[in-house]
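Q: Going by the numbering used here, the final residue of the sequence shown carries number 68, and the count climbs one at a time with no gaps.
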Amino acid sequence: MTQQEQLQDCKKTLEELVGKNVKNVEFESSEDCWRIYIHTDQGKIVMSFCKGWACPVVEHRSLKTKKK
């Protein structure tokens, strides 16, 4: 994947936050890496950055529904 393709992929992923209500943000660091947890009304987005990466790795986690 070229750097331009990585940047477009990163932009597309971040655009998924548009229209969501951000409830809370948490931050963790470990050596040369950082993790940002963005809690929204529709779930959680976890962004992991490490030194030298062109774009973060992003995980989408849906809200868990309670079992009856």
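Ideal placement from N, C-alpha and C gives every residue a C-beta, glycine not left out.
Mind checking which residues open and close the alpha helix (DSSP H) that includes Gln2?
A: The sequence given here has Thr at residue 2, not Gln. Segment: none, Thr2 is in no alpha helix (DSSP H) and carries neither H nor E.
Q: What's the C-alpha gap between Gln3 and Leu63?
A: Distance between Gln3 and Leu63, taken at the CA atoms: about 32 angstroms.
Q: What are the residues that DSSP puts in a beta bridge with Val25?
A: Ile38
Q: Go ahead and pull the three-state DSSP assignment for Glu15.
A: helix
Q: Can you tell me the Cα-Cα spacing of Phe36 and Glu28, whole angstroms?
A: Reading off the sequence, residue 36 comes out as Ile, not Phe. Each residue's alpha carbon lies about 7 angstroms from the other.
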